[in-house]
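S.K.: For the sequence shown, the working numbering begins at 1168 and goes up steadily by one. My questions all concern the structure below.
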Amino acid sequence: MEDCIFCRIAQGEMDAKILYSDEEVVAFQDINPQAPVHFLVIPRKHLHSAFQLGEEDQHLLYKIFHVIREISREKGIDQEGVRILTNVAPGAGQSVFHLHFHALGGRRMLWPPG
(Lines of atoms letter the chains of each structure in order from A and count residues from 1; the text may use other names and numbers.)
(Lines give C-alpha, C1' and ligand atoms only; values in the text may rest on other atoms or scores of the structure.)
Protein backbone atom coordinates (compact mmCIF):
# COMPACT_ATOMS: atom_id res chain seq x y z
CA MET A 1 0.00 0.00 0.00
CA GLU A 2 1.58 3.26 -1.05
CA ASP A 3 0.06 5.34 1.77
CA CYS A 4 1.28 2.92 4.49
CA ILE A 5 4.31 4.26 6.36
CA PHE A 6 5.55 0.76 7.23
CA CYS A 7 5.25 -0.41 3.61
CA ARG A 8 7.33 2.62 2.62
CA ILE A 9 9.97 1.76 5.24
CA ALA A 10 10.03 -1.86 4.04
CA GLN A 11 10.51 -0.66 0.45
CA GLY A 12 13.34 1.69 1.44
CA GLU A 13 11.31 4.79 0.55
CA MET A 14 11.43 6.21 4.09
CA ASP A 15 14.33 6.48 6.48
CA ALA A 16 14.49 4.17 9.48
CA LYS A 17 17.31 2.69 11.51
CA ILE A 18 17.14 -0.80 10.05
CA LEU A 19 18.30 -3.59 12.34
CA TYR A 20 17.45 -6.51 10.05
CA SER A 21 16.02 -6.97 6.59
CA ASP A 22 15.34 -9.91 4.31
CA GLU A 23 12.77 -10.84 1.66
CA GLU A 24 9.98 -11.37 4.23
CA VAL A 25 10.53 -9.11 7.25
CA VAL A 26 12.14 -5.84 8.32
CA ALA A 27 13.16 -4.80 11.84
CA PHE A 28 13.89 -1.22 12.82
CA GLN A 29 14.27 1.05 15.83
CA ASP A 30 11.08 2.64 17.17
CA ILE A 31 11.13 6.42 16.61
CA ASN A 32 9.46 7.00 19.99
CA PRO A 33 11.09 4.39 22.24
CA GLN A 34 9.29 3.39 25.42
CA ALA A 35 12.25 1.43 26.82
CA PRO A 36 16.04 1.54 26.45
CA VAL A 37 15.66 -1.09 23.72
CA HIS A 38 12.55 -0.74 21.57
CA PHE A 39 12.32 -2.04 18.03
CA LEU A 40 9.60 -3.14 15.62
CA VAL A 41 9.44 -6.15 13.35
CA ILE A 42 7.09 -6.03 10.38
CA PRO A 43 6.29 -8.33 7.49
CA ARG A 44 6.94 -6.89 4.04
CA LYS A 45 3.53 -8.28 3.10
CA HIS A 46 0.90 -5.70 3.99
CA LEU A 47 -1.47 -7.07 6.60
CA HIS A 48 -3.73 -4.64 8.44
CA SER A 49 -3.28 -6.35 11.81
CA ALA A 50 -2.77 -9.76 13.44
CA PHE A 51 -6.42 -10.50 12.69
CA GLN A 52 -5.61 -10.65 8.96
CA LEU A 53 -3.08 -13.45 9.39
CA GLY A 54 -4.08 -16.61 7.59
CA GLU A 55 -2.99 -20.21 7.75
CA GLU A 56 -0.58 -19.48 4.90
CA ASP A 57 1.23 -16.97 7.16
CA GLN A 58 2.42 -19.47 9.77
CA HIS A 59 6.00 -19.26 8.48
CA LEU A 60 5.82 -15.47 8.69
CA LEU A 61 5.01 -15.56 12.40
CA TYR A 62 7.90 -17.94 13.01
CA LYS A 63 10.23 -15.62 11.09
CA ILE A 64 9.07 -12.53 13.02
CA PHE A 65 9.67 -14.20 16.38
CA HIS A 66 13.00 -15.60 15.22
CA VAL A 67 14.15 -12.10 14.27
CA ILE A 68 12.95 -10.70 17.61
CA ARG A 69 14.94 -13.39 19.43
CA GLU A 70 18.11 -12.74 17.44
CA ILE A 71 17.99 -8.95 17.80
CA SER A 72 17.22 -9.33 21.52
CA ARG A 73 20.37 -11.47 21.84
CA GLU A 74 22.42 -8.89 19.94
CA LYS A 75 21.09 -6.11 22.19
CA GLY A 76 21.79 -8.16 25.33
CA ILE A 77 18.22 -8.21 26.62
CA ASP A 78 17.27 -11.81 25.86
CA GLN A 79 18.09 -13.07 29.36
CA GLU A 80 16.70 -10.19 31.45
CA GLY A 81 13.34 -10.04 29.70
CA VAL A 82 11.65 -8.81 26.56
CA ARG A 83 8.08 -7.66 26.16
CA ILE A 84 6.65 -8.53 22.73
CA LEU A 85 3.32 -7.05 21.75
CA THR A 86 1.05 -6.16 18.90
CA ASN A 87 -2.09 -4.04 18.97
CA VAL A 88 -5.28 -4.64 16.99
CA ALA A 89 -7.54 -1.63 16.31
CA PRO A 90 -7.39 1.90 17.70
CA GLY A 91 -8.99 0.97 21.02
CA ALA A 92 -5.96 -1.20 21.78
CA GLY A 93 -3.51 1.47 20.65
CA GLN A 94 -2.91 0.52 17.02
CA SER A 95 -1.99 3.71 15.18
CA VAL A 96 -0.23 2.29 12.10
CA PHE A 97 -2.42 -0.18 10.27
CA HIS A 98 0.27 -2.58 9.13
CA LEU A 99 0.95 -5.64 11.28
CA HIS A 100 3.90 -4.94 13.56
CA PHE A 101 5.36 -6.37 16.71
CA HIS A 102 7.03 -4.20 19.33
CA ALA A 103 9.95 -5.68 21.27
CA LEU A 104 10.88 -3.75 24.41
CA GLY A 105 13.59 -4.41 26.97
CA GLY A 106 16.36 -2.95 29.05
CA ARG A 107 14.10 -1.99 31.95
CA ARG A 108 11.63 -3.65 34.27
CA MET A 109 8.20 -3.97 32.67
CA LEU A 110 5.13 -3.34 34.81
CA TRP A 111 1.77 -5.07 34.72
CA PRO A 112 -0.89 -4.19 33.81
CA PRO A 113 0.71 -2.25 30.96
CA GLY A 114 -1.87 0.51 30.76
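Note that beta-carbon positions come from the ideal geometry of N, C-alpha and C, so glycine has one too.
1. Can you name the residues that DSSP bridges to P1210?
2. Leaving aside the five residues before and after M1181 along the sequence, list all residues of the same chain whose C-beta is less than 8 Å from its C-beta, in chain order.
3. Quick check on DSSP: helix, strand or coil for P1270?
4. Applying the criterion that 16 or more other CB atoms from any shown protein chain within 10 Å of the CB defines a buried residue, is A1177 buried or exposed?
5. Can you tell which of D1245, R1236, H1269 and S1262 has its C-alpha closest to the C-alpha of I1251?
6. Just how far apart, CA to CA, sit I1209 and S1239?
7. Below 8 Å between beta carbons: does that hold for Q1196 and L1271?
8. For E1251, report the span of its beta strand (DSSP E) as first-last.
9. List the whole-angstrom C-beta distance separating I1244 from V1193, where the pair is believed to meet the contact cut-off of C-beta under 8 Å.
M.R.: Let me spell this out:
1. V1192
2. Counting only Cβ-Cβ distances below 8 Å, and skipping sequence neighbours, we find I1172 and R1175.
3. One detail in the question is off: residue 1270 reads as Ala in this sequence, not Pro. A1270 falls in the strand class under three-state DSSP.
4. Counting Cβ neighbours within 10 Å, A1177 comes out buried, since at least 16 surround it.
5. H1269
6. Each residue's Cα considered, the two are about 15 Å apart.
7. The Cβ atoms of Q1196 and L1271 lie no closer than 8 Å to each other.
8. The identity of residue 1251 in the sequence shown is Ile, whereas the question assumes Glu. It spans V1249 to L1252 - the beta strand (DSSP E) in which I1251 sits, taken as one unbroken run.
9. That pair is no contact at about 20 Å.
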